[in-house]
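Beneath this line is the structure, given in structure tokens, with notes to follow.
Numbering (my numbering), first residue to last: 15 to 598.
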């Protein structure tokens with residue numbers, strides 16, 4: 015494998031993209047509008063000059079669109095390592111913690127930024143402006159609290175359970191989500207952060223006899239493993255040293271009686287409280303930022319209006335602090351101790367090689383001496399299907415005919431296989447020959463150019479294909495030394511916009527996942543949603559007498575829920591279908 019100073023073999027994109035700037039300098043790449051053009055440009059850049067590219071998107075929507083495009087245009091034979099530091103999807107000073115799946119991905123990415131050689135060598139990590147401006151746990155926390163288990167290795171069960179609890183893992187009856195562990199005799203079930211599946215550890219005395227994955231729904235053991243990696247359960251540590259640090263900082267920061275502050279009482283007792291992230295700096299001597307996790311060789315790309323986004327995020331955090339700090343039982347740290355100001359972000363960015371793309375200066379002059387570059391991307395022609403016309407595809411057919419001799423290749427991207435079949439039928443009706451392809455690489459290989467975003471020769475025969483991909487907008491590439499390529503996105507074909515999609519790799523907003531199937535899935539203190547009464551907190555089960563006839567009653571179990579102001583609601587366990595997990 016090539017090292018960080020070795021050229022990546024046969025760059026598969028031919029955009030004539032500029033050489034990346036040196037550390038401390040800055041470039042502007044113009045004409046790179048939309049996730050498709052941005053993804054192709056980034057993949058081209060990192061293949062030409064292998065290193066880690068940190069891409070800072072102005073908001074999470076831009077980041078998600080880019081990640082989808084990177085997945086689509088990344089090549090199987092020469093893949094670029096891709097990572098994301100997702101937003102926590104909570105507001106500053108929220109009473110709730112991020113969903114465990116989000117915490118898992120964040121910790122996994124922070125671990126990869128320190129330890130993943132492939133990501134360092136030729137990789138792209140995407141973060142939002144708000145994540146860039148958020149203070150993180152120290153880099154040492156991730157590595158010092160991580161553990162690798164191997165078959166036949168010695169494992170002291172009591173020490174292991176204590177270590178899991180100190181790292182923030184929660185002891186459950188059964189394991190359902192990231193951060194849970196359960197112990198039954200010599201069998202340990204564990205769903206580590208950063209893992210796609212939970213693990214089952216079987217011991218023989220103090221030796222690991224087997225490691226397996228298992229299905230949390232059926233609890234059936236699955237594949238055997240030789241080693242497993244375990245990350246800490248969160249950015250906040252709950253070992254003795256961290257708790258003592260928290261206790262000391264509490265008395266330095268606040269003049270409130272800690273006996274009247276539940277988050278203080280829970281923390282010193284070693285219990286993870288919801289919303290503990292708002293106190294993260296109190297557990298460590300110093301916090302870190304995304305910049306502290308980056309390898310020595312890296313460049314930073316700014317995607318969209320990043321600085322205004324940081325300013326807005328800081329203003330929102332200040333407003334939330336003023337709103338939430340009126341609660342005497344929950345004193346708060348000021349925003350500057352949790353977030354970086356715009357000036358601090360600028361100072362952290364300034365030593366790095368920086369490239370601004372996707373700004374408002376679309377028609378800026380090409381002036382390499384000043385770091386201004388125009389890349390060979392253009393907007394697609396207006397060729398939308400006109401359903402009210404006798405020839406709905408007339409504009410598209412005319413455009414294809416006009417460019418037939420130029421060797422034009424066109425890829426249509428739609429959001430589902432069903433939409434692809436519909437489009438292929440419409441193209442066939444207009445006598446436009448097109449084929450279905452599985453993705454970008456299949457489209458390229460269909461002309462026999464091998465693996466890669468091919469450097470096509472002029473004179474290549476016309477070829478149209480349709481793939482499933484959510485891209486908006488598409489792009490038109492006009493490179494002097496290669497044939498023209500058009501990628502038409504669904505909105506450019508059918509009009510309108512693609513329906514909003516759920517976060518990448520997480521479909522948590524559907525009812526099936528939110529539904530609580532069993533009482534063992536509920537933990538005391540967890541936020542839940544009642545279909546009629548909204549978000550409350552689960553307090554546990556209580557037995558209460560229920561009248562059945564005059565003067566007679568039977569004991570029944572109720573789920574106790576607490577709401578703002580201390581109001582309580584008792585829901586019969588037979589009505590469990592009325593409640594669901596709070597999904598953030």
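Where a beta carbon is used, it is the ideal one built from N, C-alpha and C, also for glycine.
Taking the Cα positions, residue 574 is about 5 Å away from residue 553.
Residue 396 sits in coil when the DSSP states are folded into three classes, being neither helix nor strand. Taking residue 445 as reference, the option from 459, 411 and 248 with the minimal CA-CA separation is 411. With distances taken between CA atoms, residue 457 lies nearest to 500 out of 500, 442, 174 and 443. In the DSSP assignment, residue 353 is bridged to 148.
Here the alpha carbon of residue 398 sits roughly 8 Å from the alpha carbon of residue 407. Exclusion of the five residues before and after residue 37 leaves 365, 366 and 367 as the residues of its chain whose Cβ lies within less than 8 Å of its Cβ.
Beta-bridge analysis with DSSP links residue 140 to 69 and 98.
Taking the Cα of residue 581 as reference, the smallest distance to any Cα among 551, 589 and 556 is reached at 551. By the Cβ rule, the segment 272-287 does not count as touching the segment 128-139, because fewer than three pairs are nearer than 8 Å.
Under the three-state reduction of DSSP, residue 589 is assigned to helix. Distances from the CA of residue 544 to each of 576, 307 and 561 were compared; the closest alpha carbon is that of 576. Between the C-alpha atoms of residue 168 and residue 292 there is a straight-line separation of about 37 Å. Taking all protein chains shown into account, residue 46 has 16 or more neighbouring C-beta atoms within 10 Å of its C-beta and is therefore buried. According to the DSSP assignment, residue 234 belongs to no beta strand (DSSP E), since it is labelled neither H nor E.
Per the DSSP secondary-structure output, residue 368 pairs in a beta bridge with 40 and 314.
Residue 183 carries a coil assignment under DSSP once its states are collapsed to helix, strand and coil. Looking only at 100, 86, 49 and 109, the smallest Cα-Cα distance to residue 540 is reached by 109. Apart from the 5 residues on each side of it in sequence, residue 274 sits with its Cβ closer than 6 Å to the Cβ of 343 in its chain, given in chain order. With contacts defined as CB atoms closer than 8 Å, residue 353 and residue 323 fail to qualify as a contacting pair.
The criterion of a C-beta distance shorter than 8 Å is not satisfied by residue 317 and residue 207.
If only complete runs of 3 or more residues are kept, the segment 413-439 shows the beta strand (DSSP E) at 423-428, in order along the chain. The DSSP-derived three-state label of residue 106 is coil. The beta carbons of residue 538 and residue 41 sit no closer together than 8 Å. One thing to note: residue 217 has its Cβ no nearer than 8 Å to the Cβ of residue 163. Leaving aside the five residues that flank residue 441 on each side, the residues in its chain whose CB is nearer than 6 Å to its CB run, in chain order, 448. Looking at the DSSP output, residue 239 bridges to 225. In this structure, DSSP gives residue 579 a helical state, which the three-state scheme calls helix. The beta-carbon separation of residue 259 and residue 298, rounded to 7 Å, stays under the 8 Å limit for a contact. In the DSSP assignment, residue 215 falls outside any alpha helix (DSSP H) and lies within the beta strand (DSSP E) extending over 213-218. For the pair of segments examined, the segment 54-74 was found not to touch the segment 427-434: the number of CB pairs separated by less than 8 Å stays below three. Under DSSP, residue 568 forms a beta bridge with 560.
It is roughly 13 Å from the alpha-carbon of residue 454 to the alpha-carbon of residue 57. With a contact defined as Cβ atoms closer than 8 Å, residue 95 and residue 320 miss out at about 23 Å. DSSP places residue 198 in the strand class (E or B) of the three-state scheme.
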